[in-house]
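Enquirer: Here it is, the structure, as structure tokens.
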Amino acid sequence: MDGSQILTTVLFLTVVAITIGITFWASRQTKTAADYYAGGRGFSGFQNGLAIGGDYMSAASFLGISGAIALSGYDGFLYSIGFLVAWLVALLLVAEVLRNSGRYTMADQLAYRMKQRPVRLAAATSTVVVSIFYLLAQMVGAGALVALLLGVEDQVVKNIVILFVGALMIFYVTVGGMKGTTWVQIVKAVLLMTGSALIVILVLAQFGFNLSELLGSAADASGKGDAFLQPGLKYGASFTSELDFVSLGLALVLGTAGLPHILIRFYTVPTSADARKSVLWAIGLIGVFYLFTLVLGFGAAALVDPSTLDKAGNLAAPLLAQEVGGGEGSIGGAVLLALIAAVAFATILAVVAGLTLTSSVSVAHDIYNSVIKRGKATEKEEMKVSRWAAAGIGLVAILLAIPAQSLNIAFLVALAFAVAASANLPAIIYNMFWKRFNTRGAVWSIYGGLISCVGLVFFSPVVSGKVDPVTGDSLSLFPAGIDFSWFPLENPGLISIPLGFFLGWLGTVTSKEPETAERYVELEVRALTGAGSEKAITH
Numbered sequence: 003m004d005g006s007q008i009l010t011t012v013l014f015l016t017v018v019a020i021t022i023g024i025t026f027w028a029s030r031q032t033k034t035a036a037d038y039y040a041g042g043r044g045f046s047g048f049q050n051g052l053a054i055g056g057d058y059m060s061a062a063s064f065l066g067i068s069g070a071i072a073l074s075g076y077d078g079f080l081y082s083i084g085f086l087v088a089w090l091v092a093l094l095l096v097a098e099v100l101r102n103s104g105r106y107t108m109a110d111q112l113a114y115r116m117k118q119r120p121v122r123l124a125a126a127t128s129t130v131v132v133s134i135f136y137l138l139a140q141m142v143g144a145g146a147l148v149a150l151l152l153g154v155e156d157q158v159v160k161n162i163v164i165l166f167v168g169a170l171m172i173f174y175v176t177v178g179g180m181k182g183t184t185w186v187q188i189v190k191a192v193l194l195m196t197g198s199a200l201i202v203i204l205v206l207a208q209f210g211f212n213l214s215e216l217l218g219s220a221a222d223a224s225g226k227g228d229a230f231l232q233p234g235l236k237y238g239a240s241f242t243s244e245l246d247f248v249s250l251g252l253a254l255v256l257g258t259a260g261l262p263h264i265l266i267r268f269y270t271v272p273t274s275a276d277a278r279k280s281v282l283w284a285i286g287l288i289g290v291f292y293l294f295t296l297v298l299g300f301g302a303a304a305l306v307d308p309s310t311l312d313k314a315g316n317l318a319a320p321l322l323a324q325e326v327g328g329g330e331g332s333i334g335g336a337v338l339l340a341l342i343a344a345v346a347f348a349t350i351l352a353v354v355a356g357l358t359l360t361s362s363v364s365v366a367h368d369i370y371n372s373v374i375k376r377g378k379a380t381e382k383e384e385m386k387v388s389r390w391a392a393a394g395i396g397l398v399a400i401l402l403a404i405p406a407q408s409l410n411i412a413f414l415v416a417l418a419f420a421v422a423a424s425a426n427l428p429a430i431i432y433n434m435f436w437k438r439f440n441t442r443g444a445v446w447s448i449y450g451g452l453i454s455c456v457g458l459v460f461f462s463p464v465v466s467g468k469v470d471p472v473t474g475d476s477l478s479l480f481p482a483g484i485d486f487s488w489f490p491l492e493n494p495g496l497i498s499i500p501l502g503f504f505l506g507w508l509g510t511v512t513s514k515e516p517e518t519a520e521r522y523v524e525l526e527v528r529a530l531t532g533a534g535s536e537k538a539i540t541h
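First residue of the sequence shown? That's 3 in the numbering used here, and the numbers climb one at a time after it.
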């Protein structure tokens, strides 16, 4: 092991040690279900805004988007725009009303005026599926990152790294709960913004802080000329690719407001005003970060040797850090590569902890307590089930991440956004703003959006049939030669999102369930004022 790899290993272990220390500290502060699920609702708007930023600025943002821009130019930057604009939907439609009308999970709000068991089961199922898609992206990023740093291409080593990250995330959730997870996310947000700002300054310094010169150099180095800076390089090749872009845009803009690991963060603050402040701080932080990805992506295109990039582009940001530090073999390059890789690893650890916590809480609170025990489980029993659920979900994510390593991680997250926008958002919007909405409508919209989205992904080029035109290597989950991709779009949002809304409407108007106008008024008052949101929601 050379000096740079020793430095990298030390920084990695330091990051892991800090996060483990935070987790043990938080475990001593976690006494009740409210502590474990919602951090005791003791975080300020600023703290929660940092944590939301830490949760949202995942490995997909840092590694995947930078790589997408480095490979596809302008079209890659569309990911950044979509991820950022999506926060306006979350701020205007979801943040305050969800904080006021729920208790621990998205299902608390949905089930308030409906039949508890079918709605909670549907919402919990959707939560777990979205979380697993998102977890895949983080773990794929971890495998690629550590393999780069240790200078190995051995697939077994990458798989071991994925297993290690899975074990760590299970530890964070089972020991630290929401308090530990939140503080890990806050620390990670600060590290990520600091590290990204440093690389951005060094990249701009190479071009005299002239953004136009940077873009021009990126276009020249890409070999694609001005087309690299124009829309259409990736999504303008055909009518199908143009539809794919529209589908991607819909999923990104509407998906954030339905992401369960983001929604659960609104329950960690004491008031709805703090929920709004959280989103405003998050928008500011995330907005600056996505401007950073513009410089990181085009900087990688201009300065990094294309032959050193992996085919998914996930290593563009770390390799750029090495380049602006002095290049491969230099002390500065080794230091910056190790620093950025450690920050990216902290990013992965924080996000997987938040995702695993969200899905395990939903399994314990919504399925075990509300469906199986009919609301009669004790807090101690719920928390025990949540910890076991975290272990199970972590294991599933590990097993699925190993074959998914050929996919761009920004793209994997876009699929999670598509599921969230198709299954969760229609039910949340209808429940808050349509008095007639009922149990059948909620169940049909959630399951219909979920099944259509996942089903279309399974029969899309993401899973089979997509090959590299130069090398012939498979760019799908299945190896080359296997092709059952009858659905042409890589992102299903264009079909599954309208279908989720349509099925929510159809299920409602065809149901003979009596209207619950009184419960709707109660929910509306709760959503606007927060009155009674701390009480258990059962009926």
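Glycine included, C-beta positions come from ideal geometry on N, C-alpha and C.
Considering only DSSP beta bridges, list what Ser476 is partnered with.
Expert: In the DSSP output, where bridge partners are listed per residue, Ser476 has Val469.
Enquirer: Kindly list the residues whose CB is nearer than 6 Å to the CB of Asp222, restricted to its own chain and excluding five residues on each side of it in sequence; keep chain order.
Expert: Around Asp222: no qualifying Cβ.
Enquirer: Output the distance between the C-alpha atoms of Lys279 and Thr270, rounded to the nearest integer angstrom.
Expert: Cα to Cα, Lys279 sits roughly 13 Å from Thr270.
Enquirer: Relative to the alpha-carbon of Ala96, which residue among Val142, Ala336 and Val281 has its alpha-carbon at the smallest distance?
Expert: According to the sequence provided, residue 96 is Val. The question's Ala does not apply to it. It is Val281 whose Cα lies nearest to the Cα of Val96.
Enquirer: Tell me whether Asn433 sits in a helix, a strand or coil according to DSSP, three-state version.
Expert: Helix.
Enquirer: Given that a residue counts as buried once 16 or more other Cβ atoms are within 10 Å of its Cβ, and exposed if not, what is Arg442?
Expert: Counting Cβ neighbours within 10 Å, Arg442 comes out buried, since at least 16 surround it.
Enquirer: Evaluate contact between the segment 365-384 and the segment 197-205, counting only Cβ atoms and requiring at least three cross-stretch pairs below 8 Å.
Expert: Segments in contact, no.
Enquirer: Three-state secondary structure (DSSP) at Trp27?
Expert: The answer is helix: DSSP assigns Trp27 an H, G or I state.
Enquirer: Only counting runs of 4 or more residues, tell me where the alpha helix (DSSP H) segments fall wholly within the segment 136-206, in order along the chain.
Expert: Entirely contained in the segment 136-206, the alpha helix (DSSP H) runs reaching 4 residues are, in chain order, 157-173.
Enquirer: Between Ile264, Val163 and Ile24, which has its C-alpha nearest Arg101's C-alpha?
Expert: For Arg101, the nearest C-alpha among the options comes from Ile264.
Enquirer: Please state whether the Cβ-Cβ distance between Phe489 and Leu254 is less than 8 Å.
Expert: The answer is no: Cβ separation not under 8 Å.
Enquirer: Report the rounded CA-to-CA distance for Leu73 versus Ala303, giving the unit in angstroms.
Expert: Taking the straight line joining both Cα atoms gives about 7 Å.
Enquirer: Return the chain-ordered list of same chain residues with a C-beta closer than 8 Å to the C-beta of Leu217, the five sequence neighbours on each side being excluded.
Expert: Same-chain partners within the cutoff: Leu231 and Phe300.
Enquirer: If you follow the alpha helix (DSSP H) that Trp390 is part of, which residue opens it and which one closes it?
Expert: Per DSSP, Trp390 belongs to the alpha helix (DSSP H) from Glu381 to Ala403.
Enquirer: According to DSSP, simplified to helix, strand and coil, what is Arg101?
Expert: Looking at Arg101 - three-state DSSP - the assignment turns out to be helix.
Enquirer: Going by C-alpha distance, which of Gly289, Gly143, Leu80 and Ala28 is nearest Leu65?
Expert: Leu65 has its Cα closest to that of Gly143, out of Gly289, Gly143, Leu80 and Ala28.
Enquirer: At the level of alpha carbons, what is the spacing between Pro320 and Gly56?
Expert: Cα to Cα, Pro320 sits roughly 19 Å from Gly56.
Enquirer: Take every Cβ of the segment 15-27, pair it with every Cβ of the segment 348-359, and state whether three or more of those distances are shorter than 8 Å.
Expert: Contact holds: three or more Cβ-Cβ distances are below 8 Å.
Enquirer: Taking only three categories from DSSP, how would you classify Trp283?
Expert: Of the three classes helix, strand and coil, the one that applies to Trp283 here is helix, per DSSP.
Enquirer: So Val121 packs on Val445, CB below 8 Å; how close in whole Å?
Expert: With 8 Å as the limit, Val121 and Val445 qualify as a contact, their Cβ atoms being about 6 Å apart.
Enquirer: Hey, is the segment 453-466 in contact with the segment 418-426, meaning 3+ C-beta pairs nearer than 8 Å?
Expert: Yes: the two stretches touch, three or more of their Cβ pairs being nearer than 8 Å.
Enquirer: Excluding sequence positions up to five away, which residues of its chain have a Cβ less than 6 Å from the Cβ of Ser372?
Expert: The residues are Gln118 and Arg122.
Enquirer: Are Val132 and Ile350 touching if we call contact CB-CB under 8 Å?
Expert: Not closer than 8 Å, so no.
Enquirer: Using DSSP with H/G/I as helix, E/B as strand and the rest coil, what is Asn426?
Expert: Helix, per DSSP.
Enquirer: Look at the alpha carbon of Leu542 and the alpha carbon of Val290, and state the distance between them as a whole number of angstroms.
Expert: Lying outside 3 to 541, the shown extent of the chain, residue 542 is not represented and no answer is given.
Enquirer: Taking the C-alpha atoms as reference points, what is the distance between Asn426 and Glu330?
Expert: Approximately 46 Å between the Cα atoms of the pair.
Enquirer: How about Tyr114 and Arg521: do their beta carbons lie closer than 8 Å?
Expert: Yes, these two residues count as a Cβ contact at 8 Å.
Enquirer: Is Tyr237 helix, strand or coil by DSSP?
Expert: In this structure, Tyr237 counts as coil in the three-state DSSP scheme.
Enquirer: Given Val306, which residues of its chain have a CB within under 8 Å of its CB, disregarding the five upstream and five downstream residues?
Expert: Same-chain partners within the cutoff: Ala72, Ala318, Leu321, Leu322 and Glu325.
Enquirer: For Pro494, is the classification buried or exposed, using 16 other Cβ atoms within 10 angstroms of its Cβ as the cut-off for buried?
Expert: Buried, since its Cβ has 16 or more Cβ neighbours within 10 Å.
Enquirer: Is DSSP giving Val445 helix, strand or coil here?
Expert: In the structure shown, Val445 sits in a helix (DSSP, three-state: H, G or I).
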